[in-house]
Every structure is written in structure tokens, then in C-alpha cells.
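Right, one structure below, let's go through it.
In the numbering used here, the protein residues as written are 2 to 499.
Written out as C-alpha cells, the structure is:
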């Protein structure tokens, strides 16, 4: 009996001798399947033939030994490739154009100027640009002055979601010239060439008291940022955060405000307060005293009706608050169950497959959407953003990063960030593009109004990536901001020289 599927023929039997057919049983059933990609019984056709079967050894199914048969040689992957076709098999193992059978260790993908250092068991990939080594012509004429500045503060660059050190390549040397100090950019865990580790094994490898942080958590990125300030042998640093990296920069400030000289937030993915009235009310001194004074007036009033109304109002408020707390508790419980279920799905094989499908479908398109003019996205840019997809375990790490966002217990213990923005006292610059499709420019402008004394700069004809689309203009804005805030210590140097 032979079965045909597309261009393939499957012969069922056991060689080497063909069966003998009696005169009364001369028929050979041949079953054909129409359509290589569909398994539909309606597409199956059967025919009867009196011809003697041809024993082909392309696909041999039986109990014959390997010596007496000629089965399909090679691995299961080769069998799938012959069965499904090379094109379909090749498409299945590629994500955003990156062959997933050629994944490597991050160190093998590093550039000539790449560096690695260990922090809490994670190999952090980073690059350092020193002002003394930066070429003097890296900044174009008109963007900044040619003489290097001396602000005496290094600069740490924090990339956004799905990005890496690559997104800062065009401005690292110019910023080093501007500051006259070192500029460092590093890949946060789950991104770039920083090592991917098993978060579950990493967190359970030690005792409960000395258990290390989840490397994919926000707190880990914050502590890594503060670690690099010590790494650069400085007490303070200027933190520059792009998109989700801006959230890391702000959290690092609240973790150690004395270590941050200034904040530069580029297209910050931070939700600004919807109205400023709530923030102003909560920060106004004497508000509580005024409320207490009003209630004391009610209590001391001689009007019996007013007293009864006041007591009834308090009782109603008490009942309402009890109901709100009960509903909130139930919502928190449901939310916890939902997050736990979603975390389990993300950590499963199915979740990893979904992440691969999302990156394959929308990864490169997201990069093009981030630019004002998608036609300016070159192959070099696409390769820079897809290079981390060659790192072993990138998909599982991205799943763990998403789980860490859902189950971040440290952030629950802190007040909402929107209510703490007014507490920022260091110099702040917010830069964004006027055509940002991912984080609207109006959100950045509103965020600037929520931070006292902050500066807001809007770059025209620019999208979500000012440091890549408009590097000269971006560096010029940063230069002017730093000069206004810190000044330039050039005059004392000239006097000392004379």
C-alpha cells in the first residue's frame, strides 16, 4: 500500500521481498492527499490499480532492520524539513529574521569596545567612552563648542524597552566631549548582551535572608545604576534615561538622591498626573489643620441639627470606607490570582512561543514606528535592534522580565510615582520629539509641569528616539542645559595657566 502526500510517497510494507498477489487480489490501493498544507478528508482520493507495486525506499515504515532497509537518514529536523519543505521549516525557526538555531553566548557577540562586569551574579554588558579618548571632531559644528567642558560629573545612559547600548552609539562620544568626563551605557537584564539567567534558580540558590534580587526586577536595574556610579569612582553622576529607562533613572534618584547630580529624561515612559490640582492639594501645608478646624467648628456649634448631621455624615463615611476597603481587598485578591495565572502562562513553553510570535510579528515594525521617518531606518539600525535575538535564552528572559513587572512587590510598598514627582529637587531636563507615536509629547510636557523647576525641550520632526534621529540637536540641548545648571569651569583654568 502506498500513500502520497504532495510530492512524497509513503510505502507501507517490510522488504526485501514484495508480497505475492493472488489472481483474485490484484488491486493495489493508492491514497492521494491534495494540498500539502491542509489535512482535510475531503481532499483525500483513492484509486485502485492492478499494477505491481514499486518498492521505493524513500519513506519506509515497518519492523525491518536498518541494514535491510533504506529509511530517511538524518535527524528529526531533517525529516521535518523534507516533509514540510525547506521554506516552511526555515520560516518556523527564524524570529525577526534571526535564525534561532544559531544562538550564541553574549560574549561571542560583543563588539571590540564591549566590556563585561559581574553584579549580583549577572554579567552586565556595558561600554565606556572617555572624553580624553573621544575624537574632537565627533560633534558637528554648531551643535556645541569645540572645547571640552568640565562638569566633573560622569554620565550614565539607560536604554528603553527592547533597546540596548546600541541606541546610544551616536551620542556617547559627543556627550563625553560635552561633559569632559566618562559616559557609560549598559544593557539592563533581558536586553542587549547582558547575560540571561534563570531567575527562579537565581533567587532560590541562597538562603531566604541572603536571597539575591530578581535580576529582571526594577530594583535590580536601580541598584546596578548606583553600582556603576561607584564603578566610575564618583560620588554623583548625571542619569540619562530613555523611555522605560527614564523610570529607572527616577527610581534611582529616590533610592539615593545624594548620588544623582541631574536627571535627563528622554521621551520618558512615565505617566504624568492627569491634573495638577490633586498634587498641589496633597502637598499644601495646613490642609489637614483646615479640615480639623472645620470639624471642630461643627462640634462646638450649638445647633443640635448640625451636630446630628455631622454624626450621621461621619457614620456614613465610615460605612462607605469599610465597603471600599472590602471591595478593594477582593479586587486585590482577584488581581493577585490573575497575575499569578498570567505569570505561570508566561513561564510555560506556550508563553515563550507567544513571545517569539510577538517579537517576530511586531519587533521590527515597532522600531520603524518609533522613528519620525521610517524610511530612515537603515539595515544597520535593524541589525542593531535584532542582534540581542541571537543571545541564548533571550525569549525566556523577556518572559521573566514581563513577570517581574507584573509581580513587583517593592513598588507596592512605595507611594505612587505620580505623587512623588514634586519631591525631585535635582536639576531635570525632559526632551522629546513632537511626533512621538509611542509616548505622546503632551505627556512629557505635563510631566515637566509636575516636576518643580524642570526644563522641557521639544525637537521638531522627531519621533520616540531623539538620540538616534536628531543626535546633533539632542546633544546641543543637553549641552545648554548642563551649562545653565553647572556652568563651565574654564576661566579658573585660564587664570592658573597665566
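Glycine residues also receive a C-beta, built at the ideal position from the N, C-alpha and C atoms.
Cα-Cα separation, residue 453 to residue 381 = Approximately 40 Å between the Cα atoms of the pair.
Kindly list the residues whose CB is nearer than 6 Å to the CB of residue 41, restricted to its own chain and excluding five residues on each side of it in sequence; keep chain order.
-> Low per-residue confidence applies at residue 41: pLDDT is 48, beneath 50, and the placement is therefore not dependable, though the value from the model is reported in the following sentence. Sequence-distant Cβ neighbours of residue 41 in its own chain, meaning closer than 6 Å and more than five residues away, do not exist here.
Helix or strand or just coil, what does DSSP make of residue 50?
-> Only weak support is given to the placement of residue 50: the predicted model assigns it a pLDDT of 44, under 50, and the question is left unresolved by the model.
Just the C-alpha distance for residue 274 and residue 165, rounded to the nearest angstrom, thanks.
-> Here the alpha carbon of residue 274 sits roughly 29 Å from the alpha carbon of residue 165.
So who's on the other strand from residue 186, going by DSSP bridges?
-> Residue 186 is bridged to 128 and 158.
Of the residues 270, 423, 408 and 429, which one's Cα is nearest the Cα of residue 438?
-> That would be 270, whose Cα lies nearest to the Cα of residue 438.
Could you pull out every residue in the same chain whose Cβ sits closer than 8 Å to the Cβ of residue 170, ignoring the five residues on either side in sequence?
-> Excluding residues within five positions, the ones whose Cβ falls inside 8 Å are 385.
Taking residue 118 as the reference, which of 343, 228, 105 and 174 has the closest Cα?
-> Residue 228 holds the alpha-carbon nearest to the alpha-carbon of residue 118 among 343, 228, 105 and 174.
Name the two residues that bound the continuous beta strand (DSSP E) containing residue 105.
-> For residue 105, there is no enclosing beta strand (DSSP E), as DSSP marks it with neither H nor E.
Work out the CA separation of residue 196 and residue 444 for me, nearest whole Å.
-> Rounded to the nearest angstrom, the two C-alpha atoms are 34 Å apart.
Spatially closest choice to residue 420 from 366, 402, 450 and 241, by CA coordinates | Ranking the options by Cα distance to residue 420, first place goes to 450.
Check whether the region 180-189 touches the region 216-235, counting contact only when three or more Cβ pairs, one atom from each stretch, lie closer than 8 Å.
-> Yes, since at least three Cβ pairs between the region 180-189 and the region 216-235 fall closer than 8 Å, the two stretches touch.
contact_flag[the region 150-157, the region 370-379] where n(CB pairs < 8 Å) is 3 or more | Contact between the region 150-157 and the region 370-379 is absent, with fewer than three C-beta pairs closer than 8 Å.
Consult DSSP for residue 290 and reduce its assignment to one of helix, strand or coil.
-> Note that residue 290 has pLDDT 39, beneath the 50 cutoff, so the model's placement of it is unreliable and no number is given.
Could you tell me whether the region 256-269 touches the region 416-430, where touching means 3 or more Cβ pairs closer than 8 Å?
-> Touching, per the Cβ criterion.
Can you list the beta strand (DSSP E) stretches of 3 or more residues lying completely in the region 212-259, in chain order?
-> Those beta strand (DSSP E) runs which fall completely within the region 212-259 and span 3+ residues are 238-243.
Taking residue 244 and residue 162 to be in contact with their CB atoms under 8 Å, please state how far apart those CB atoms are, rounded to whole angstroms.
-> Confirmed, about 6 Å.
Any contact of the region 389-407 with the region 99-115, i.e. 3+ C-beta pairs under 8 Å?
-> Touching, yes.
Just how far apart, CA to CA, sit residue 283 and residue 125?
-> The predicted position of residue 283 is uncertain, since its pLDDT is 47 and thus under 50; no value can be drawn from it.
My understanding is that residue 268 touches residue 486, with C-beta atoms under 8 Å, so please give their C-beta distance in whole angstroms.
-> Not really, about 21 Å apart at Cβ, beyond 8 Å.
Residue 218: buried (16+ other C-beta within 10 angstroms of its C-beta) or exposed?
-> Classification for residue 218: buried.
When we look at the beta-carbon of residue 214 and count the other beta-carbons within 10 Å, is it buried (16 or more) or exposed?
-> It counts as buried.
Going by other Cβ atoms of all chains shown within 10 Å of its Cβ, with 16 needed for buried, is residue 337 buried or exposed?
-> With fewer than 16 other CB atoms across the displayed protein chains lying within 10 angstroms of its CB, residue 337 is exposed.
Let me know if residue 193 comes out buried or exposed under the rule of 16 or more other beta-carbons within 10 Å of its beta-carbon.
-> Flag for residue 193 reads buried.
Residue 173: buried (16+ other C-beta within 10 angstroms of its C-beta) or exposed?
-> Buried, because 16 or more other Cβ atoms sit within 10 Å of the Cβ of residue 173.
Thinking C-beta only, is residue 216 closer than 8 Å to residue 123?
-> Yes, these two residues count as a Cβ contact at 8 Å.
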